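Peer 1:
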Amino acid sequence: MTIAYITHPDCLLHDMGDGHPEQPSRLRAIHDRLEESGLLARLEQHAAPLATDAQLRLAHPESYLRRLQACSPAAGSYPLDADTRMNPHSLAAARRAAGAAVLGVDLLLDGRARAAFCAVRPPGHHAERQRAMGFCLFSSIAIAALYALEHRGLQRVAIVDFDVHHGNGTEDVVAGDERILFCSTFQHPLYPYSGTGPAASNVINLPLPAGCDGAQFRAVVGEQCLPRLRAFAPELVLVSAGFDAHRADPLAGMALVADDFSWVTAQLAEQAALSAGGRVLSSLEGGYDLAALAESAQAHLEALLAADRSP
Ligand SMILES: [Zn+2]
0 MTIAYITHPD CLLHDMGDGH PEQPSRLRAI HDRLEESGLL ARLEQHAAPL
50 ATDAQLRLAH PESYLRRLQA CSPAAGSYPL DADTRMNPHS LAAARRAAGA
100 AVLGVDLLLD GRARAAFCAV RPPGHHAERQ RAMGFCLFSS IAIAALYALE
150 HRGLQRVAIV DFDVHHGNGT EDVVAGDERI LFCSTFQHPL YPYSGTGPAA
200 SNVINLPLPA GCDGAQFRAV VGEQCLPRLR AFAPELVLVS AGFDAHRADP
250 LAGMALVADD FSWVTAQLAE QAALSAGGRV LSSLEGGYDL AALAESAQAH
300 LEALLAADRS P
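If you're matching positions, the sequence shown starts at 0 in numbering that gives the first Met the number 0 and goes up one per residue.
#1: Please state whether the Cβ-Cβ distance between F242 and L205 is less than 7 Å.
#2: Could you check where the alpha helix (DSSP H) with Y77 kicks off and where it finishes?
#3: How would the residue list near ligand 1 read, in chain order, if you kept each one whose beta-carbon is closer than 6 Å to any heavy atom?
#4: Could you compute how far the alpha carbon of Q297 sits from the alpha carbon of C135?
#5: Can you tell me which residues form a DSSP beta bridge with V238?
#6: Measuring alpha carbon to alpha carbon, tell me which of D176, G221 and A254 ends up nearest A209.
#7: Beta-carbon within less than 6 Å of M0's beta-carbon, same chain only, minus the 5 sequence neighbours each way: which residues are those?
#8: According to DSSP, is Q186 helix, strand or coil?
#9: Buried or exposed: where does Q270 fall if 16 or more other Cβ atoms within 10 Å of its Cβ makes it buried?
#10: For A195, count neighbouring Cβ atoms within 10 angstroms of its own Cβ and tell me buried if that reaches 16, exposed if not.
#11: Ignoring anything shorter than 4 residues or poking outside the region 196-229, list the alpha helix (DSSP H) runs there in chain order.
#12: Whose C-beta lies closer than 7 Å to the C-beta of I179 among residues of the same chain, with five residues either side of it excluded?
#13: Residue ranges of each beta strand (DSSP E) run of no fewer than 3 residues wholly in the region 105-134, ordered along the chain?
#14: Locate the beta strand (DSSP E) running through P6, then write down its first and last residues.
#15: Roughly how many whole angstroms lie between the Cα atoms of L33 and L189?
#16: Quick one: measure Cβ to Cβ for S71 and L90, integer angstroms, because I've assumed they're closer than 8 Å.
#17: Exposed or buried, what is D288 when buried is set at 16 or more other beta-carbons lying within 10 Å of its beta-carbon?
#18: Tell me which residues share the same chain as P233 and place their Cβ nearer than 7 Å to its Cβ, disregarding the 5 neighbours each side in the sequence.
#19: Mind checking T6: buried by the 16 CB within 10 Å criterion, or exposed?
#20: For my contact list, L280 and L153 are in at a C-beta cut-off of 8 Å; report their separation, rounded to the angstrom.
#21: Could you tell me which uninterrupted beta strand (DSSP E) segments, each at least 3 residues in length, are contained entirely in the region 23-105, listed from first to last along the chain?
#22: Going by Cα to Cα distance, which pick from Q223, A290, D14 and R66 is closest to H245?
#23: Can you tell me the Cβ-Cβ gap for A97 and F137, rounded? I've got them flagged as a contact below 8 Å.
#24: If we count the other Cβ atoms within 10 Å of its Cβ and call it buried at 16 or more, is D259 buried or exposed?
#25: Starting from H150 and walking both ways along the alpha helix (DSSP H), at which residues does that stretch end?
#26: Going by DSSP, name the residue or residues bridged to H245.
Structural data, given as structure tokens:
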């Protein structure tokens, strides 16, 4: 079965200004690398639809949607927080990012793809129910989880977030919802400086020290995330795929390499094969060194393709 690659040109139009690390060229770097390597031709490309208001309301109250709409500028840019800005295209890009994840759920549950990767921006895992922050507007991966539960009849969905930053937004949306198991590995201390206090029983926060390398990362994931995932037996595995724990990343200080992203992806695909019919939906979060981002995304997709070939 195929691996879907979901993206949209609107995601290139969201621009927070020259020098901002969360820049349109991130998606171009991934696309170019996949094209040059021949990988893109092995993926089934889909255009991300705009998430509907009803889909966004799975994670965000109506008042938040209205507030974002009111902030959306006709020209120039509007600051949502110290490092998150909206230009006239940002809202559409964020709707495409959430819509990509919803489409991915449909493709997987309709049997039209075995796995899917959403090459989208802005990212989503810092967006809380009522607050845009950390380059994020909508909690795309949580919306996908809730869509699968509320509208596609699933009972258990896992979200694994290996971005170097804590997925505070995802946690804010899903904490206490026992239908969802959320596991986030992240460097601590680091933005957004959350994830180390008491957490709901469906949340596994795994802070890692600066300098953490692949061996340490694999040990923590292997001991504290994968056994919980296996016991939970998710019917769908969602991934907040941030690649900023790479050692070349300028915003963080962990020391992973592309092979570590390949490893964790293979582990998640293995769990998906056991309990979820192999279904893995992955959405791009961070990753700010363009070469490392492209190489890591390629390793991630190659691991998904390799899992797809195994029986
Ligand atoms: Zn990040």
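For each residue, glycine too, the CB sits at the ideal point set by N, CA and C. The model shown is predicted, which means the values in this text are computed figures rather than measured ones.
Peer 2: Looking at the atomic coordinates:
#1: Taking the first residue of the sequence shown as 1, we reach residue 242 at position 243. Taking the first residue of the sequence shown as 1, we reach residue 205 at position 206. Cβ distance not < 7 Å, so F242 and L205 don't count as in contact.
#2: Taking the sequence shown and counting its residues from 1, one reaches residue 77 at position 78. Premise fails: Y77 lies in the beta strand (DSSP E), Y77 to D80, not in any alpha helix (DSSP H).
#3: D162, V163, H164, G241, D243, E284 and G285
#4: Here the question's residue 297 lines up with position 298 in the sequence shown. Here the question's residue 135 lines up with position 136 in the sequence shown. Approximately 23 Å, taken between the alpha carbons.
#5: As a working mapping, residue 238 is identified with position 239 in the sequence shown. According to DSSP, V238 bridges with V159 and S281.
#6: In the sequence shown, the residue the question calls residue 209 occupies position 210. The shortest Cα separation from A209 among D176, G221 and A254 belongs to A254.
#7: Taking the sequence shown and counting its residues from 1, the one referred to as residue 0 is at position 1. Take M0, set aside five residues on each side of it, and the residues of its chain with a beta-carbon closer than 6 Å to its own are R113, in chain order.
#8: If you number the sequence shown from 1, residue 186 lands on position 187. In this structure, Q186 counts as strand in the three-state DSSP scheme.
#9: Taking the sequence shown and counting its residues from 1, one reaches residue 270 at position 271. When all chains shown are included, Q270 counts as buried.
#10: On the sequence shown, position 196 is the one that residue 195 refers to. At residue 195 the sequence reads Thr, which differs from the Ala that was named. The residue in question, T195, is exposed, as its Cβ has fewer than 16 Cβ neighbours within 10 Å.
#11: 213-219
#12: Translated into positions along the sequence shown, residue 179 becomes position 180. Closer than 7 Å at Cβ, skipping near neighbours: A144, V156, I158, V173 and N201.
#13: 114-117
#14: Translated into the one-based positions of the sequence shown, residue 6 becomes position 7. Per the sequence presented here, residue 6 reads as Thr, with Pro not at that position. Residues I2 to T6.
#15: Numbered from its first residue, the sequence shown carries residue 33 at position 34. Numbered from its first residue, the sequence shown carries residue 189 at position 190. Going from the Cα of L33 to the Cα of L189 covers about 30 Å.
#16: The residue labelled residue 71 in the question sits at position 72 within the sequence shown. The residue labelled residue 90 in the question sits at position 91 within the sequence shown. With 8 Å as the limit, S71 and L90 qualify as a contact, their Cβ atoms being about 5 Å apart.
#17: Stepping through the sequence shown from its first residue, residue 288 is reached at position 289. Buried, by the Cβ-count rule.
#18: Your numbering for residue 233 matches position 234 in the sequence shown. Hits under 7 Å: R155, V156, A157, L180, S274 and A275.
#19: To locate residue 6, count along the sequence shown from 1; it is residue 7. So T6 counts as buried.
#20: Position 281 of the sequence shown, counting from 1, holds the residue named residue 280. Position 154 of the sequence shown, counting from 1, holds the residue named residue 153. Actually they do not touch by this definition, with Cβ atoms about 12 Å apart.
#21: 43-46, 77-80 and 83-85
#22: As a first step, residue 245 must be located in the sequence shown, where it is residue number 246. Among Q223, A290, D14 and R66, the Cα nearest to that of H245 is on A290.
#23: The count along the sequence shown starts at 1 and reaches residue 97 at position 98. The count along the sequence shown starts at 1 and reaches residue 137 at position 138. At roughly 5 Å, the Cβ-Cβ gap stays under 8 Å, so A97 and F137 are in contact.
#24: Taking the first residue of the sequence shown as position 1, residue 259 is located at position 260. So D259 counts as buried.
#25: If you number the sequence shown from 1, residue 150 lands on position 151. Note, H150: alpha helix (DSSP H), S139 to H150.
#26: The residue labelled residue 245 in the question sits at position 246 within the sequence shown. DSSP, once it has assigned bridges, lists L255 as partnering H245.
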